[in-house]
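One structure is given here, and the rest of the page talks about it.
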Amino acid sequence: KKRVRERLFGIECWVTSKEDFLLSKLVYGGWQDYTDALGCWLRFQNEIDKDYLEIVSKQLDIEPEYSLLKSGIDDPDDFFNRLRDQ
């Protein structure tokens, strides 16, 4: 819900926010999705709205995934092993 208006190739359009991109990757939950979410987290963690991420991760029932992402796990295999073991 935090989309932003951007100009791409001279055309103004709506673009998903970093926060919603990250959340969508955690919802889809594949190996590549976690890798993408991790890359976004590592690159933009000082810019993103963490309060929004906390609230929406609860609403989407992906709190465990978000907590593991915040913990700094940088290996997708380790992420899925820990998620499975919870």
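Sequential numbering from 328 applies to the sequence shown in the numbering used here. Even for Gly, the Cβ is constructed at its ideal location relative to N, Cα and C.
Are there 16 or more other CB atoms within 10 angstroms of the CB of residue i, so buried, or fewer, so exposed?
i           : result
residue 393 : buried
residue 368 : buried
Going by the CB atoms, is the gap between residue j and residue i shorter than 8 Å?
i           : j           : result
residue 352 : residue 375 : no
residue 389 : residue 342 : no
residue 383 : residue 350 : yes
residue 364 : residue 387 : no
residue 391 : residue 358 : no
So, at 6 Å on beta carbons, what are the nonlocal neighbours of residue i in its own chain, with the 5 sequence-adjacent residues on each side left out?
i           : result
residue 370 : none
residue 361 : 403 and 406
Would you kindly report the start and end of the unbroken beta strand (DSSP E) that includes residue i?
i           : result
residue 332 : 331 to 335
residue 338 : 338 to 342
Apart from the five residues on each side of it in sequence, which residues of its chain come closer than 8 Å, Cβ to Cβ, to residue i?
i           : result
residue 330 : 341, 342, 343, 344 and 347
residue 335 : 342
In its own chain, which residues sit with a C-beta less than 7 Å from the C-beta of residue i, not counting the 5 before and 5 after it?
i           : result
residue 379 : 329 and 346
residue 385 : none
Just curious, the alpha helix (DSSP H) that residue i is in, first and last residue?
i           : result
residue 349 : 345 to 355
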